[in-house]
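Chemist:
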Amino acid sequence: MPEAPLLEVIDLAKHFPLGGGIFARPTAWVRAVAGVSFAVRRGERFGLVGESGCGKTTVGRLVLRLLEPTRGRIEFDGQNILALDRAAMGRLRRRMQIIFQDPYSSLDPRMTVEQIVTEPLRAGGEQRPRAERRCAAAALLEKVGLRASDLRKYPHEFSGGQRQRIGIARALCVRPELIVADEPVSALDVSVQAQVINLLQDLGEEFGLAFVFISHDLGVVQHLCERIAVMYLGAIVELAPVQRFSREPRHPYTEALLAAVPLPDPRRRSGRFAMEGDVPSPIDPPAGCAFHPRCRHALDRCRVETPPLIQAAEGHAVACWLNDGKGLEPKGGMGHGA
Amino acid sequence: MNTPLLGIEELSVGFDTPEGKARAVDRVSFALERGETLGVVGESGCGKSVTALSILGLVPSPPGVIESGAIRFENSDLIGSPPEALRRIRGRDIAMIFQEPMTSLNPVLPIGRQVAEPLMVHRGLNRKEALDQAAQWLERVKIPDARRRMGDYPHHLSGGMRQRVMIAMAMVCRPKLLIADEPTTALDVTIQAQILALMVGLKQEMGMSLLLITHNLGVVAQMAARVVVMYAGQVVEEAVVSELFGRPFHPYTRGLLRSMPDPAGRPDGGSRRLSEIPGIVPAITEAIVGCKFAGRCPHAFGRCREQAPGLFDIAGGQRARCWLSRFPERRRTDA
Numbered sequence: 000m001p002e003a004p005l006l007e008v009i010d011l012a013k014h015f016p017l018g019g020g021i022f023a024r025p026t027a028w029v030r031a032v033a034g035v036s037f038a039v040r041r042g043e044r045f046g047l048v049g050e051s052g053c054g055k056t057t058v059g060r061l062v063l064r065l066l067e068p069t070r071g072r073i074e075f076d077g078q079n080i081l082a083l084d085r086a087a088m089g090r091l092r093r094r095m096q097i098i099f100q101d102p103y104s105s106l107d108p109r110m111t112v113e114q115i116v117t118e119p120l121r122a123g124g125e126q127r128p129r130a131e132r133r134c135a136a137a138a139l140l141e142k143v144g145l146r147a148s149d150l151r152k153y154p155h156e157f158s159g160g161q162r163q164r165i166g167i168a169r170a171l172c173v174r175p176e177l178i179v180a181d182e183p184v185s186a187l188d189v190s191v192q193a194q195v196i197n198l199l200q201d202l203g204e205e206f207g208l209a210f211v212f213i214s215h216d217l218g219v220v221q222h223l224c225e226r227i228a229v230m231y232l233g234a235i236v237e238l239a240p241v242q243r244f245s246r247e248p249r250h251p252y253t254e255a256l257l258a259a260v261p262l263p264d265p266r267r268r269s270g271r272f273a274m275e276g277d278v279p280s281p282i283d284p285p286a287g288c289a290f291h292p293r294c295r296h297a298l299d300r301c302r303v304e305t306p307p308l309i310q311a312a313e314g315h316a317v318a319c320w321l322n323d324g325k326g327l328e329p330k331g332g333m334g335h336g337a
Numbered sequence: 000m001n002t003p004l005l006g007i008e009e010l011s012v013g014f015d016t017p018e019g020k021a022r023a024v025d026r027v028s029f030a031l032e033r034g035e036t037l038g039v040v041g042e043s044g045c046g047k048s049v050t051a052l053s054i055l056g057l058v059p060s061p062p063g064v065i066e067s068g069a070i071r072f073e074n075s076d077l078i079g080s081p082p083e084a085l086r087r088i089r090g091r092d093i094a095m096i097f098q099e100p101m102t103s104l105n106p107v108l109p110i111g112r113q114v115a116e117p118l119m120v121h122r123g124l125n126r127k128e129a130l131d132q133a134a135q136w137l138e139r140v141k142i143p144d145a146r147r148r149m150g151d152y153p154h155h156l157s158g159g160m161r162q163r164v165m166i167a168m169a170m171v172c173r174p175k176l177l178i179a180d181e182p183t184t185a186l187d188v189t190i191q192a193q194i195l196a197l198m199v200g201l202k203q204e205m206g207m208s209l210l211l212i213t214h215n216l217g218v219v220a221q222m223a224a225r226v227v228v229m230y231a232g233q234v235v236e237e238a239v240v241s242e243l244f245g246r247p248f249h250p251y252t253r254g255l256l257r258s259m260p261d262p263a264g265r266p267d268g269g270s271r272r273l274s275e276i277p278g279i280v281p282a283i284t285e286a287i288v289g290c291k292f293a294g295r296c297p298h299a300f301g302r303c304r305e306q307a308p309g310l311f312d313i314a315g316g317q318r319a320r321c322w323l324s325r326f327p328e329r330r331r332t333d334a
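Chains as they are written, first to last, in numbering that gives the first Met the number 0: chain A, 0 to 337; chain B, 0 to 334.
1) Can you tell me which residues form a DSSP beta bridge with F210 of chain A?
2) For G13 of chain B, name the three-state secondary structure that DSSP assigns.
3) Identify the continuous beta strand (DSSP E) that holds T36 of chain B and give its terminal residues.
4) Within 10 angstroms of the Cβ of S75 of chain B, are there 16 or more other Cβ atoms? Answer buried if so, exposed if not.
5) In chain order, what are the residue ranges of uninterrupted beta strand (DSSP E) at least 3 long that sit wholly in the region 95–132 of chain A?
6) Between A193 of chain A and chain B, is the shortest Cβ-Cβ distance under 7 Å, so that the two count as touching?
7) Would you mind sorting I283 of chain B into buried or exposed? The rule is 16 or more other CB atoms within 10 Å of its CB.
8) Classify F248 of chain B as helix, strand or coil using the three-state DSSP reduction.
9) Quick one, which residues of the region 210–226 of chain A are near chain D if we go by CB-CB under 7 Å, in chain order?
10) So what's M333 of chain A in DSSP terms, helix, strand or just coil?
11) Measuring only the C-alpha atoms, how far is R325 of chain B from E9 of chain B?
12) Output, in chain order, the set of chain A residues within a Cβ distance shorter than 8 Å of V188 of chain B.
13) Among B:P174, B:C172, B:L209, which has the Cα closest to the Cα of P182 of chain B?
14) Taking Cβ-Cβ distances shorter than 9 Å, what residues in chain A pair up with L130 of chain B?
15) Using the C-alpha atoms, what's the distance from R293 of chain A back to G159 of chain B?
16) Leaving out the 5 sequence neighbours to the left and right, which residues in its chain are closer than 7 Å to R173 of chain B when beta-carbon positions are compared?
17) Whole angstroms is fine: what's the gap from C296 of chain B's alpha carbon to R320 of chain B's?
18) For P308 of chain B, count the other beta carbons within 10 Å of its own beta carbon; 16 or more makes it buried, fewer makes it exposed. Which is it?
19) I need the DSSP call for G46 of chain B, collapsed to helix, strand or coil.
20) Whose Cβ in chain A lies nearer than 9 Å to the Cβ of E73 of chain B?
21) How far does the alpha helix (DSSP H) with R60 of chain A in it reach, from first residue to last?
22) Quick check: what's the CA-CA separation for A239 of chain A versus L177 of chain A?
23) Is it true that the CB of A23 of chain B sits closer than 7 Å to the CB of G46 of chain B?
24) Between the region 236–252 of chain B and chain A, which residues of the former have a C-beta closer than 7 Å to a C-beta of the latter?
25) Identify which residue in B:K127, B:R89, B:G41 has its Cα closest to the Cα of V189 of chain A.
26) Below 8 Å on the Cβ atoms is my guess for H315 of chain A versus R243 of chain A; work out the distance and round it to an integer in Å.
27) Spatial neighbours of A33 of chain A within its chain, please: CB distance less than 6 Å, with the 5 preceding and 5 following residues excluded, ordered by chain position.
28) Can you pull the chain B neighbours of R268 of chain A, defined as C-beta to C-beta under 7 Å?
29) In chain A, which residues lie less than 7 Å from I110 of chain B when you measure between Cβ atoms?
30) Identify the continuous beta strand (DSSP E) that holds T213 of chain B and give its terminal residues.
31) Would a check of beta-carbon distances place L37 of chain B closer than 7 Å to chain A?
32) Tell me the residue span of the beta strand (DSSP E) that contains E7 of chain A.
33) Helix, strand or coil for N79 of chain A, going by three-state DSSP, please let me know.
34) Round the Cβ separation of E113 of chain A and R151 of chain A to the nearest angstrom and send it over; I've been treating them as touching at under 8 Å.
35) Taking 7 Å as the cut-off, decide whether the C-beta atoms of P250 of chain B and H214 of chain B are in contact.
36) May I have a chain-ordered list of the beta strand (DSSP E) segments no shorter than 3 residues that lie completely inside the region 221–246 of chain B?
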């Protein structure tokens, strides 16, 4: 009997109204997330990748119920979180935390590091005395590579990488089981990025944390995650274990995404194709498979019918009509860029 | 021997800050040959963008001051040039594109007019001729349905399309040098690939030189013939691209290359730690005796903290600002 997932998302959708006003009816809907399902096991690092506007950030917000979905179901540890009232949701938030991309705007400049790091404790109705909280915060700061003496400082006294460490300490403060990390290292320089990636990996292992990593950076996600879901225009188009992800991409979009990454190796230049066209608007997505206008393999069927996300191999799902819904043929174990 | 198209010699640029004088660019020298693509890489604050702005005389002053050095472009020193002469060179012989097209495009002017303007200013074309050439250029940079979109405003376009308009605007006068400062950093990876392919094509066609400034080592590896690595305002390494990626010398270059997660994924799929460069970049207001990287360098020894290293020749045009070139036995094999 497989272990029940920590997080399960079923047919989740979020449509944002466009135009209109307080009284007027919206003139259109942006289908930011159009029916997404996935599950994350305890302690698992799950990656959500895609380009801007694909809906990955909205999924992250929905999972934490920072946004209310238009439809769908979110279960955390077997509990339907959409049915919880405010107080119950507040208690549950201690078990799921978020780390944001921008280490500058996500920390209140008027709060000390101590106040920032212990905020989720206070928000969760923690009754422990202040001295004890401070002690816990100091220990956390050391855990993320800062000093206990930093507790009294303000965010502006830190570099971008250090601020991201503060954000991580804040997320860890309530000992969560799940962390949604939205582009946690995208604003950081390469050398600092490696420090923060290692820190997240170490802390994940130490505390048995499950992660939903949201990123546009395929290198970072492949480094950190065990399973990766690729989103395009509000839907998951492929979900694969990391070992398969770059070696046997089954969706043509995944293939194009991988081919577009400039490799830091001058011996492996070019020969890559630049996929034509822009991402279509989520207000008026193309009929059929949303990727078909940019797809070099598109069939007639792709223009009319939306392919469902189905299992193509063990643990590997794809939404593509090629090969009877199994997507691209694996290239006989050939690596990416070979 | 041919003189290079662009030669930067011992350029220093300072900024007045509340924390004191900051040296953003510290005696930077490099040259760019005709038709060559030179990559300048480094992390935020390393001085790469200020160096580029200096070439065009665009360093905001105050607080910025070019303290010393020379910037030779086709034998004239741009630093001493009167503003009028600089304006003529800018846009005609040297063009620049930036990371965020919205900051350089005029939001209230149709894109056709914006692309046509340099032709009227620098080439003396009349409005009709200029607009006609602008339309051709918009087609050339693959704006779909270009002629019909001449009247569109920048906000009608996606980020990738705006960057194409910027490129068209930079290219209309057929510059000898294009400076591209993080041209694809704000773009999604599939759009980045399109823009890079476009730049490669145009460069080959026009035979211009490209100075490509970026933090992205992948972009440099794919685009540049030669690379300059900057750290804390200084050039710390310079080499042809195959040497830089194949045999990096400076511990900072090595650290940077090793700290990147492999974008092609790991063969085993298992988790392993990335190699880190410990610590952070020193503040540019900090006065540092010796090598500026010594505080983060796994190989640093006494000399590194006492005396600043010069940019020493390694081999075949490779240069590195590192005492290990003089004391190779000090390189630790375990780091």
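We put the beta carbon where it would ideally sit given N, CA and C, even for glycine.
Modeler: Working from what's here:
1) Here residue 210 of chain A refers to the residue found at position 211 when the first sequence is read from its first residue. According to DSSP, which records beta bridges pairwise, F210 of chain A is partnered with A:R44, A:I178.
2) In the second sequence, the residue the question calls residue 13 of chain B occupies position 14. In this structure, G13 of chain B counts as strand in the three-state DSSP scheme.
3) Here residue 36 of chain B corresponds to residue number 37 of the second sequence, with the count starting at 1. Here the beta strand (DSSP E) through T36 of chain B covers 36–40.
4) Position 76 of the second sequence, counting from 1, holds the residue named residue 75 of chain B. Under this definition S75 of chain B is an exposed residue.
5) 95–98
6) The residue you call residue 193 of chain A lines up with position 194 of the first sequence. Answer yes: the Cβ-Cβ gap between A193 of chain A and chain B drops below 7 Å somewhere.
7) Translated into the one-based positions of the second sequence, residue 283 of chain B becomes position 284. The residue in question, I283 of chain B, is buried, as its Cβ has 16 or more Cβ neighbours within 10 Å.
8) Counted from its first residue, the second sequence places residue 248 of chain B at position 249. Correct three-state label for F248 of chain B: coil.
9) Checking the listed chains, one finds no chain D in this structure; the protein chains it contains are A and B.
10) Counting from one through the first sequence, the residue named residue 333 of chain A turns up at place 334. With a pLDDT of only 44 at M333 of chain A, under 50, the local geometry of the prediction cannot be trusted, and no value is derived from it.
11) Start at 1 with the first residue of the second sequence, and residue 325 of chain B comes out as number 326. Start at 1 with the first residue of the second sequence, and residue 9 of chain B comes out as number 10. The straight-line gap from Cα to Cα measures roughly 22 Å.
12) Within the second sequence, the letter at position 189 stands for residue 188 of chain B. Result: E50, H215, L217, L256, A259, V260.
13) Walking along the second sequence from the start, residue 182 of chain B turns up at place 183. Checking every option, the nearest Cα to that of P182 of chain B belongs to B:L209.
14) Position 131 of the second sequence, counting from 1, holds the residue named residue 130 of chain B. The premise fails here: L130 of chain B is roughly 25 Å from chain A at the closest Cβ pair, so nothing lies under 9 Å.
15) By 1-based counting over the second sequence, the position of residue 159 of chain B is 160. By 1-based counting over the first sequence, the position of residue 293 of chain A is 294. For G159 of chain B and R293 of chain A, the distance between alpha carbons rounds to 15 Å.
16) Counting from 1 along the second sequence, the entry for residue 173 of chain B is found at position 174. Answer for R173 of chain B: M205, listed in chain order.
17) Position 297 of the second sequence, counted from the start, is the residue given in the question as residue 296 of chain B. Position 321 of the second sequence, counted from the start, is the residue given in the question as residue 320 of chain B. Each residue's alpha carbon lies about 13 Å from the other.
18) One-based indexing of the second sequence puts residue 308 of chain B at position 309. With 16 or more other Cβ atoms within 10 Å, it is buried.
19) Stepping through the second sequence from its first residue, residue 46 of chain B is reached at position 47. DSSP places G46 of chain B in coil when its eight states are reduced to three.
20) Here residue 73 of chain B refers to the residue found at position 74 when the second sequence is read from its first residue. Chain A residues near E73 of chain B: none, gap ~29 Å exceeds 9 Å.
21) On the first sequence, residue 60 of chain A is found 61 positions in, with the first residue counted as 1. Counting along the chain, the alpha helix (DSSP H) containing R60 of chain A begins and ends at 55–62.
22) For the purposes of this step, residue 239 of chain A is taken as the residue at position 240 of the first sequence. For the purposes of this step, residue 177 of chain A is taken as the residue at position 178 of the first sequence. For A239 of chain A and L177 of chain A, the distance between alpha carbons rounds to 20 Å.
23) On the second sequence, residue 46 of chain B is found 47 positions in, with the first residue counted as 1. On the second sequence, residue 23 of chain B is found 24 positions in, with the first residue counted as 1. Cβ distance < 7 Å, so G46 of chain B and A23 of chain B count as in contact.
24) V240, S241, F244
25) The residue labelled residue 189 of chain A in the question sits at position 190 within the first sequence. When only C-alpha atoms are compared, the closest one is B:G41.
26) Residue 315 of chain A sits at position 316 when you count from the first residue of the first sequence. Residue 243 of chain A sits at position 244 when you count from the first residue of the first sequence. Going by Cβ atoms, the distance from H315 of chain A to R243 of chain A rounds to 6 Å, so yes, they are a contact pair.
27) Along the first sequence, read from residue 1 onward, the residue named residue 33 of chain A stands at position 34. So the list reads A12, G233, A234, once near-sequence residues are dropped.
28) One-based indexing of the first sequence puts residue 268 of chain A at position 269. Correct list: Q221.
29) To locate residue 110 of chain B, count along the second sequence from 1; it is residue 111. The premise fails here: I110 of chain B is roughly 16 Å from chain A at the closest Cβ pair, so nothing lies under 7 Å.
30) Residue numbering aside, residue 213 of chain B sits at position 214 when the second sequence is read from its first letter. T213 of chain B -> beta strand (DSSP E) spans 208–213.
31) Here residue 37 of chain B is taken as the residue at index 38 of the second sequence, counted from 1. Cβ-Cβ to chain A under 7 Å: no for L37 of chain B.
32) Reading the first sequence from its first residue, position 8 is the one you call residue 7 of chain A. Note, E7 of chain A: beta strand (DSSP E), 6–17.
33) For the purposes of this step, residue 79 of chain A is taken as residue 80 along the first sequence, with counting starting at 1. Here N79 of chain A sits in strand by DSSP.
34) Residue 113 of chain A sits at position 114 when you count from the first residue of the first sequence. Residue 151 of chain A sits at position 152 when you count from the first residue of the first sequence. Correct: roughly 7 Å between the Cβ atoms.
35) Position 251 of the second sequence, counted from the start, is the residue given in the question as residue 250 of chain B. Position 215 of the second sequence, counted from the start, is the residue given in the question as residue 214 of chain B. Not closer than 7 Å, so no.
36) 225–230, 233–239
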